[in-house]
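Protein sequence lines correspond, in order, to chains A and B. Once you know that position 351 of the first sequence is 350 in numbering that gives the first Met the number 0, the rest is easy, because the numbers rise by one and skip nothing. Once you know that position 332 of the second sequence is 331 in numbering that gives the first Met the number 0, the rest is easy, because the numbers rise by one and skip nothing. All residues carry an ideal CB built from backbone N, CA and C; glycine is no exception. See below for the structure under consideration.
Protein chains: 2
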Amino acid sequence: MAEKITPRNVDYSRWYTDVILQAKLADYSPVKGAMVIRPNGYAIWEMIQQNLDRMFKETGHVNAYFPLLIPESFMKKEAEHVEGFSPECAVVTIGGGQELEEPLYIRPTSETIIWSMYKKWIMSYRDLPILINQWANVLRWELRTRLFLRTSEFLWQEGHTAHATYEEAEQETMLILNLYKKFVEEYLAIPVIAGRKSDAEKFAGALHTYSIEAMMQDKKALQAGTSHNLGQNFAKAFDVKFQDQQGQLQYVWATSWGVSTRLIGALIMTHGDDNGVVIPPRVAQRQIVIVPIWRGEEEKKQVLDYADAVKKELTKEFTVILDDREQYKPGYKFAEWELQGIPLRLEIGPRDVAKNGLVMVRRDLLKKEFIARDGVLQTVRATLDLMQKEMLERARKFQEDNTHQVDDYNQFKKTIEEEGGFINSHWCGSAECEAKIKEDTKATIRNIPFDRKAEKGKCIICGKESEGRVIFAKAY
Amino acid sequence: MAEKITPRNVDYSRWYTDVILQAKLADYSPVKGAMVIRPNGYAIWEMIQQNLDRMFKETGHVNAYFPLLIPESFMKKEAEHVEGFSPECAVVTIGGGQELEEPLYIRPTSETIIWSMYKKWIMSYRDLPILINQWANVLRWELRTRLFLRTSEFLWQEGHTAHATYEEAEQETMLILNLYKKFVEEYLAIPVIAGRKSDAEKFAGALHTYSIEAMMQDKKALQAGTSHNLGQNFAKAFDVKFQDQQGQLQYVWATSWGVSTRLIGALIMTHGDDNGVVIPPRVAQRQIVIVPIWRGEEEKKQVLDYADAVKKELTKEFTVILDDREQYKPGYKFAEWELQGIPLRLEIGPRDVAKNGLVMVRRDLLKKEFIARDGVLQTVRATLDLMQKEMLERARKFQEDNTHQVDDYNQFKKTIEEEGGFINSHWCGSAECEAKIKEDTKATIRNIPFDRKAEKGKCIICGKESEGRVIFAKAY
Numbered sequence: 000m001a002e003k004i005t006p007r008n009v010d011y012s013r014w015y016t017d018v019i020l021q022a023k024l025a026d027y028s029p030v031k032g033a034m035v036i037r038p039n040g041y042a043i044w045e046m047i048q049q050n051l052d053r054m055f056k057e058t059g060h061v062n063a064y065f066p067l068l069i070p071e072s073f074m075k076k077e078a079e080h081v082e083g084f085s086p087e088c089a090v091v092t093i094g095g096g097q098e099l100e101e102p103l104y105i106r107p108t109s110e111t112i113i114w115s116m117y118k119k120w121i122m123s124y125r126d127l128p129i130l131i132n133q134w135a136n137v138l139r140w141e142l143r144t145r146l147f148l149r150t151s152e153f154l155w156q157e158g159h160t161a162h163a164t165y166e167e168a169e170q171e172t173m174l175i176l177n178l179y180k181k182f183v184e185e186y187l188a189i190p191v192i193a194g195r196k197s198d199a200e201k202f203a204g205a206l207h208t209y210s211i212e213a214m215m216q217d218k219k220a221l222q223a224g225t226s227h228n229l230g231q232n233f234a235k236a237f238d239v240k241f242q243d244q245q246g247q248l249q250y251v252w253a254t255s256w257g258v259s260t261r262l263i264g265a266l267i268m269t270h271g272d273d274n275g276v277v278i279p280p281r282v283a284q285r286q287i288v289i290v291p292i293w294r295g296e297e298e299k300k301q302v303l304d305y306a307d308a309v310k311k312e313l314t315k316e317f318t319v320i321l322d323d324r325e326q327y328k329p330g331y332k333f334a335e336w337e338l339q340g341i342p343l344r345l346e347i348g349p350r351d352v353a354k355n356g357l358v359m360v361r362r363d364l365l366k367k368e369f370i371a372r373d374g375v376l377q378t379v380r381a382t383l384d385l386m387q388k389e390m391l392e393r394a395r396k397f398q399e400d401n402t403h404q405v406d407d408y409n410q411f412k413k414t415i416e417e418e419g420g421f422i423n424s425h426w427c428g429s430a431e432c433e434a435k436i437k438e439d440t441k442a443t444i445r446n447i448p449f450d451r452k453a454e455k456g457k458c459i460i461c462g463k464e465s466e467g468r469v470i471f472a473k474a475y
Numbered sequence: 000m001a002e003k004i005t006p007r008n009v010d011y012s013r014w015y016t017d018v019i020l021q022a023k024l025a026d027y028s029p030v031k032g033a034m035v036i037r038p039n040g041y042a043i044w045e046m047i048q049q050n051l052d053r054m055f056k057e058t059g060h061v062n063a064y065f066p067l068l069i070p071e072s073f074m075k076k077e078a079e080h081v082e083g084f085s086p087e088c089a090v091v092t093i094g095g096g097q098e099l100e101e102p103l104y105i106r107p108t109s110e111t112i113i114w115s116m117y118k119k120w121i122m123s124y125r126d127l128p129i130l131i132n133q134w135a136n137v138l139r140w141e142l143r144t145r146l147f148l149r150t151s152e153f154l155w156q157e158g159h160t161a162h163a164t165y166e167e168a169e170q171e172t173m174l175i176l177n178l179y180k181k182f183v184e185e186y187l188a189i190p191v192i193a194g195r196k197s198d199a200e201k202f203a204g205a206l207h208t209y210s211i212e213a214m215m216q217d218k219k220a221l222q223a224g225t226s227h228n229l230g231q232n233f234a235k236a237f238d239v240k241f242q243d244q245q246g247q248l249q250y251v252w253a254t255s256w257g258v259s260t261r262l263i264g265a266l267i268m269t270h271g272d273d274n275g276v277v278i279p280p281r282v283a284q285r286q287i288v289i290v291p292i293w294r295g296e297e298e299k300k301q302v303l304d305y306a307d308a309v310k311k312e313l314t315k316e317f318t319v320i321l322d323d324r325e326q327y328k329p330g331y332k333f334a335e336w337e338l339q340g341i342p343l344r345l346e347i348g349p350r351d352v353a354k355n356g357l358v359m360v361r362r363d364l365l366k367k368e369f370i371a372r373d374g375v376l377q378t379v380r381a382t383l384d385l386m387q388k389e390m391l392e393r394a395r396k397f398q399e400d401n402t403h404q405v406d407d408y409n410q411f412k413k414t415i416e417e418e419g420g421f422i423n424s425h426w427c428g429s430a431e432c433e434a435k436i437k438e439d440t441k442a443t444i445r446n447i448p449f450d451r452k453a454e455k456g457k458c459i460i461c462g463k464e465s466e467g468r469v470i471f472a473k474a475y
């Protein structure tokens with residue numbers, strides 16, 4: 000059995016690492032900054048991929064694949080972009096035993112290589128829009144590994160679209176941000192706040208960046224997805240023009256957007272408890288584990304026959320594990336599946352068989368409940384639906400309970416220091432005030448929420464006029 | 000519309016490239032040796048992934064993800080392996096702006112990084128078997144690009160399993176080879192010959208390698224998948240031992256196996272014709288295109304209403320394109336969808352509506368057939384099933400017609416030179432005779448077929464005794 004997990008209230012950061020290692024979601028690799036995603040963790044990523052990919056396709060997107068290696072000269076074509084990404088790149092200088100004439104960068108993101116191809120593919124308005132997504136690995140140099148949250152290499156999807164007008168690009172940027180919000184809330188059961196990033200926090204090369212921001216159980220913020228309106232910056236850098244319907248040549252408008260394996264970290268930190276990870280039913284590859292309990296051969300046959308029939312019925316809709324291993328006791332099995340976060344446990348002993356029922360335990364509540372054998376499929380289906388819903392509600396309540404409205408800077412510093420969480424405060428919009436807060440408190444502007452109230456106020460730093468509140472928080 | 004495709008009998012190699020570029024399956028990238036897989040090509044890869052992944056999971060395998068970058072020292076731990084792969088690696092020497100202490104290789108294959116992790120995960124027989132697969136990009140340096148067939152970076156899956164005994168590893172190696180054969184024949188409609196590679200052609204670091212070999216329309220062979228019994232080589236290189244049931248420490252037994260985006264090249268070269276690519280129905284993401292034909296508004300409404308209803312009915316089971324673009328004529332549309340290889344075309348004009356029917360054209364036959372509107376779903380389903388079956392049969396007949404049994408070396412050289420195809424000849428088993436044939440004719444031993452007849456004979460080179468025939472061919 001696994002070692003003990005450090006309780007969250009003792010050391011949240013150690014709890015996080017303990018849970019991941021012991022639930023076999025991921026492991027450290029011998030290469031600094033790199034992680035291995037183990038089958039239990041990768042199964043969550045597959046569920047994220049399947050569902051997001053379906054949502055992308057339903058909104059007209061298609062997948063493609065572009066090269067891993069980007070010539071140095073491409074990286075340098077968009078000034079902000081190279082400044083933002085170059086320092087964190089891994090660079091190939093030797094290929095096939097030869098020193099390369101031009102170094103090749105492992106993609107930290109693919110705007111440059113993709114726009115070099117769009118130059119070949121786009122001639123006229125008839126070639127637009129291009130709605131391409133890519134599932135890929137990217138690399139941004141890191142020495143300090145934080146599993147799922149900060150690693151050199153990570154897996155993600157990156158959408159790169161090309162449009163005839165600013166408005167269309169803006170519409171796409173928002174479509175995707177809303178799609179991300181829907182996915183993260185409805186599948187991962189993580190409530191998020193959608194809004195615009197400040198200029199200081201936007202993507203290197205973007206006109207503006209939108210994000211969804213979640214709150215972890217330690218009350219720190221985690222950026223769960225971003226969608227960028229890139230304007231014409233990359234079209235200009237790569238000279239990508241199209242002939243519009245009037246025959247005029249115009250630069251193409253671009254967006255890009257992505258979510259990554261970081262979402263697995265967000266899932267763990269939103270829902271996990273001191274017993275392990277808790278996987279929301281809709282992204283659990285295996286939703287149910289049945290643990291049969293018996294003594295002696297006679298009970299064994301009776302209980303296993305009964306458990307087999309239950310499994311068979313549930314398998315019509317769900318993926319079910321029947322844990323009939325003989326070398327482990329029920330208590331050991333309970334702990335193991337709790338650690339791994341299987342949403343629902345069913346316990347079946349001789350007395351349950353006699354009463355024509357079984358014991359059901361939701362992973363998030365860990366309370367035993369006796370249910371009838373008849374209609375078990377309906378009961379389980381309803382329970383998993385309810386669990387999914389309540390996990391989101393619980394996380395939303397936590398986020399709301401830990402969001403503070405603050406109008407005084409001393410109070411602001413005190414709250415950040417002692418309470419943490421999200422702080423809604425007025426901000427004048429200047430980079431200076433934003434930088435001062437970051438320097439004083441390490442809190443950053445997470446975003447300017449779309450649904451904030453129009454409310455006149457005074458900047459919490461400089462006292463100048465503000466049009467509304469923004470979210471400050473310390474972030475992962 | 001696309002440019003003209005070079006006919007196959009004029010220049011097969013140019014035909015291949017023309018088809019890929021014009022059907023927008025892939026494109027050259029600005030980086031030497033690298034390709035871009037465009038949405039039409041990637042859709043085929045997604046179908047390959049979905050079906051293979053399901054087959055892997057049905058046989059107990061799970062997915063995981065290991066790092067892209069491998070320390071140089073790991074590559075050097077298995078002597079044959081480093082000799083085979085090192086010269087074709089891309090090497091990262093700079094990370095985060097700093098010269099690295101140890102160079103990192105972009106994975107050409109992942110045995111070394113994976114076995115360094117298995118060392119952490121395997122202690123006892125209880126930890127075995129490990130049945131892990133990875134979907135990933137790999138890189139083997141290439142300057143001459145041949146789209147899908149030979150590129151530096153390519154996409155593949157690589158299985159890496161760990162077992163307690165040689166027998167179990169051997170069983171796994173064969174299980175996967177048979178799974179590959181089944182997939183390639185039943186989904187890609189490409190007949191293959193399964194067998195063992197000669198020692199000269201086996202994987203660098205393997206005990207032995209099994210392969211499936213296909214024949215392209217130019218009669219050259221293409222290796223479509225390989226499965227390796229690695230013995231204890233990697234366990235020894237990485238010191239991976241387990242405690243067996245008797246408490247003894249033993250080295251672990253390994254297998255690895257893979258197929259790649261090369262399969263898309265095989266599909267194109269097996270089934271394509273002078274009009275473009277032909278996608279077997281089971282791996283077509285879009286199986287049917289409906290082309291409505293009308294003149295004037297009245298006909299338009301009538302035809303489109305009818306076509307909409309047909310589409311709606313077929314959408315219950317298939318993905319259907321209704322090509323109602325006004326700016327293109329029917330003939331243009333026919334050519335475009337033929338180029339892209341959509342398996343079935345349905346043409347609907349006013350006369351078809353009047354007769355309560357429609358015209359159906361199979362992509363592989365290009366013959367028009369009038370079918371009834373009633374039962375269209377059943378007709379289409381049966382037609383696609385038949386098409387899938389006949390594509391395999393046609394390719395198998397081609398392979399059989401171009402397989403020669405040769406017992407004289409002069410005849411052998413003449414056949415290779417003038418006819419091409421597979422040549423079944425006796426071989427004594429020596430590396431010298433194998434090397435001489437390769438030097439004289441460029442033909443290699445594709446494999447030693449599992450189902451070859453036990454037949455005494457004389458080696459076609461040295462005249463020594465042989466136990467049976469092997470397949471010689473020029474290969475991609």
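Assumed close pair residue i, residue j - CB separation to whole angstroms, cut-off 8 angstroms
| i | j | result |
| --- | --- | --- |
| A70 of chain A | P29 of chain B | Position check: residue 70 of chain A holds Pro in this sequence, whereas Ala was assumed. Confirmed, about 7 angstroms. |
| P128 of chain B | H162 of chain B | 5 angstroms |
| L20 of chain B | V276 of chain B | With a Cβ gap of about 11 angstroms, L20 of chain B and V276 of chain B do not count as contacting. |
| I189 of chain B | V183 of chain B | 5 angstroms |
| I447 of chain B | V469 of chain B | 5 angstroms |
| L67 of chain B | I105 of chain B | 6 angstroms |
| K455 of chain B | E464 of chain B | 7 angstroms |
First and last residue of the uninterrupted beta strand (DSSP E) at residue i
| i | result |
| --- | --- |
| P102 of chain A | Q97 to I105 |
| S72 of chain A | S72 of chain A -> not in any beta strand (DSSP E); alpha helix (DSSP H) instead, spanning E71 to M74. |
| I47 of chain B | No beta strand (DSSP E) contains I47 of chain B, which is instead part of the alpha helix (DSSP H) from P38 to E57. |
| M359 of chain B | G356 to R361 |
| W252 of chain B | W252 to S259 |
| F84 of chain B | Premise fails: F84 of chain B lies in the alpha helix (DSSP H), A78 to F84, not in any beta strand (DSSP E). |
Proximal residues of chain B, C-beta to C-beta of residue i below 7 angstroms
| i | result |
| --- | --- |
| T33 of chain A | According to the sequence displayed, residue 33 of chain A carries Ala and not Thr. Within 7 angstroms Cβ-Cβ: P66 and L68. |
| W140 of chain A | G94 and G95 |
Status (buried if at least 16 other CB within 10 Å, exposed otherwise) for residue i
| i | result |
| --- | --- |
| A434 of chain B | exposed |
| D17 of chain A | buried |
| L343 of chain A | buried |
| D400 of chain B | exposed |
| M0 of chain A | The predicted model places M0 of chain A with a pLDDT of 49, which falls under 50 and marks its position as unreliable; any figure quoted below should be read in that light. Result: exposed. |
| E82 of chain A | exposed |
| N8 of chain A | exposed |
9 angstroms Cβ cut-off: residues of chain B touching residue i
| i | result |
| --- | --- |
| L103 of chain A | V30 and A89 |
| S115 of chain A | S28 and P29 |
Partner residues on chain B for residue i, Cβ-Cβ distance less than 8 angstroms
| i | result |
| --- | --- |
| K119 of chain A | D26 |
| T172 of chain A | The contacting residues do not exist; T172 of chain A stays about 21 angstroms from chain B at best. |
Contacts of residue i in chain A (Cβ-Cβ under 8 angstroms)
| i | result |
| --- | --- |
| R37 of chain B | A63 |
| E45 of chain B | N62 |
| L154 of chain B | Y64 |
Where the alpha helix (DSSP H) through residue i begins and ends
| i | result |
| --- | --- |
| W120 of chain A | E110 to W120 |
> Is the number of C-beta pairs between the segment 381 to 391 of chain A and the segment 401 to 411 of chain A that are closer than 8 angstroms three or more?
Replying inline: Using a Cβ-Cβ distance cut-off of 8 angstroms, the segment 381 to 391 of chain A and the segment 401 to 411 of chain A are not in contact, since fewer than three pairs of beta carbons, one from each stretch, lie closer than that value.
> If you pair each beta-carbon of the segment 230 to 243 of chain B with each one of the segment 107 to 127 of chain B, do three or more pairs fall below 8 angstroms?
Replying inline: Yes: at least three Cβ pairs fall under 8 angstroms.
> Should the segment 116 to 136 of chain A be called in touch with the segment 238 to 253 of chain A, which here means at least 3 C-beta pairs below 8 angstroms?
Replying inline: In short, these stretches touch, since the Cβ pair count reaches three.
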